[in-house]
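Q:
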DNA sequence: GAGATATGTCAACAAGGCTGACTTAAAACT
DNA sequence: AGTTTTAAGTCAGCCTTGTTGACATATCTC
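Chains as they are written, first to last, in the numbering used here: chain R, 2 to 177; chain W, 2 to 177.
1. If we ignore side chains and look at the alpha-carbon of each, how far apart do residue 42(W) and residue 43(R) end up?
2. Among 140(R), 165(R), 141(R) and 123(R), which has the Cα closest to the Cα of residue 53(R)?
3. Which residues bound the beta strand (DSSP E) around residue 115(W)?
4. Residues in its own chain within less than 8 Å of residue 24(R) by CB, not counting five upstream and five downstream?
5. For the stretch 107-123 of chain W against the stretch 109-127 of chain R, are there 3 or more C-beta pairs whose distance is under 8 Å?
6. Please list the segments of the alpha helix (DSSP H) lying wholly inside the stretch 73-150 of chain W, counting only runs of 4 or more residues, in order along the chain.
7. Select from the stretch 154-175 of chain R all residues with a C-beta closer than 8 Å to any C-beta belonging to chain W, and list them in chain order.
8. I need the straight-line Cα distance from residue 95(R) to residue 50(R), nearest angstrom please.
9. Hey, is the stretch 165-174 of chain W in contact with the stretch 141-150 of chain R, meaning 3+ C-beta pairs nearer than 8 Å?
10. Using a C-beta cutoff of 8 Å, does residue 102(W) count as contacting chain R?
11. Is there at least one Cβ from chain R nearer than 8 Å to residue 140(W)'s Cβ?
12. Roughly how many whole angstroms lie between the Cα atoms of residue 136(R) and residue 155(R)?
13. Tell me whether residue 30(R) sits in a helix, a strand or coil according to DSSP, three-state version.
14. For chain W, is any of its Cβ atoms less than 8 Å away from the one on residue 86(R)?
15. Between the stretch 63-81 of chain R and the stretch 59-75 of chain W, can you find at least three pairs of beta-carbon atoms closer than 8 Å?
16. Taking the Cβ atom as the reference point for each residue, do residue 59(W) and residue 26(W) lie within a distance shorter than 8 Å?
17. Run through DSSP, which three-state label would residue 70(R) get?
18. Can you list, in chain order, the residues of the stretch 25-54 of chain W whose Cβ is nearer than 9 Å to any Cβ on chain R?
19. Verify the CB distance criterion: does residue 123(R) have a CB-CB separation below 8 Å to chain W?
20. Excluding the 5 residues flanking residue 64(W) on each side, which residues of the same chain have their C-beta closer than 8 Å to its C-beta?
21. For residue 58(R), would you say it is in contact with chain W, using Cβ-to-Cβ distances shorter than 8 Å as the test?
22. State buried or exposed for residue 47(R), treating a residue as buried only when at least 16 other CB atoms are found within 10 Å of its CB.
23. Are the CB atoms of residue 133(W) and residue 28(R) within a distance shorter than 8 Å?
24. Work out the CA separation of residue 161(R) and residue 35(W) for me, nearest whole Å.
25. Mind listing the chain R neighbours of residue 151(W)? Cutoff is C-beta to C-beta under 8 Å, in chain order.
26. Residues of chain W with CB under 8 Å from residue 78(R), in chain order?
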């Protein structure tokens, strides 16, 4: 967070407006745009997932496994922030339908390392491209540095404690 | 990753390369940032809603009713894009707990006009301010026109058919 | 060998979506 | 006036995806 914002929160740099200024006027526009944008953003993959008998939960698992081959269960749970029972339900289906494989770790044999199979990878890519298309279309026509501004903004919406973690996860690209 | 690909991802390539290339390289960064940002964005209200025995579904209804007093059931269904049975379940609870009122229309007596009660309005405002605080914190430190860029971008992520509708809804502010 | 850790699993439950069928009241049409 | 359409409400049942709690197993660490 910038010093300026901290100062405003603490005591009000500019005096009379006071420290409520950040919350005084609800930012209805961004709140609602975020809601509608996210809804449409996740809706694209739904149609395709349906063909395979998968839902959004499957998509999230498939996505992160594809992005981080070799991911362990614990790491995946940490990313998704769901219980292992919830994860297990969808993961089991992905494995049974041969979209994901689970293999015993070598250094630590208690761990399982997850990977997408060729068809799993295909699906993951297909869905990512679908979402990318929407993202890029929306980006087209905006200023050149818009992407920088937006990804910066999204990162700063995330809880400060998780930011470094997400940053590492998002900006490292081991994928193909 | 090759420099060329990095350059494409960074620069957003326009012109002769055509539309294909836009979808060629998945925009993993924005896809994932969007996922994490939205998750944290909606998590703030959850804690408070819990105290009232409400969930996110109640929040959405309360929010839009508060924002558009006099909203009808059909209009609300159109905004939320859920079935009337789903809506009815949460709406009934909001009415029973006296956060929302429903009154027969005057010109068309088949319609119901929804409004928040004083405590409903209080809660709606409280939750909006909570989300606004996160939004403004994230905005602080970015360039002055960042908000413009971001709201523009979010709007463009929405299905073109709905954009005008959302725009009308979002940028009209009848609320107090 | 004892205890901690990573994973897997069973059972039950809750929220919040869905479909389909049906009712009621009021408006609109002809 | 009578028929049809529309707005809303309701019943019943199902699905997905989250939850808690308890317990099992294999493996690693000390």
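From the three backbone atoms N, C-alpha and C, an ideal C-beta is built for every residue, glycine too.
A: Inspection of the coordinates gives the following:
1. 16 Å
2. 123(R)
3. 113-117
4. Only weak support is given to the placement of residue 24(R): the predicted model assigns it a pLDDT of 46, under 50, and the value that follows is read from those uncertain coordinates. Same-chain partners within the cutoff: there are none.
5. no
6. 74-81, 85-97 and 119-140
7. 154, 155, 156, 157, 158, 159, 160, 163, 167, 170, 171, 172 and 174
8. 12 Å
9. no
10. no
11. yes
12. 14 Å
13. helix
14. no
15. no
16. no
17. coil
18. 25, 26, 27, 28, 29, 30, 31, 32, 33, 34, 35, 36, 37, 38, 39, 40, 41, 42, 43 and 44
19. no
20. 125, 128 and 129
21. no
22. exposed
23. yes
24. 15 Å
25. 31, 150, 151 and 154
26. The premise fails here: residue 78(R) is roughly 14 Å from chain W at the closest Cβ pair, so nothing lies under 8 Å.
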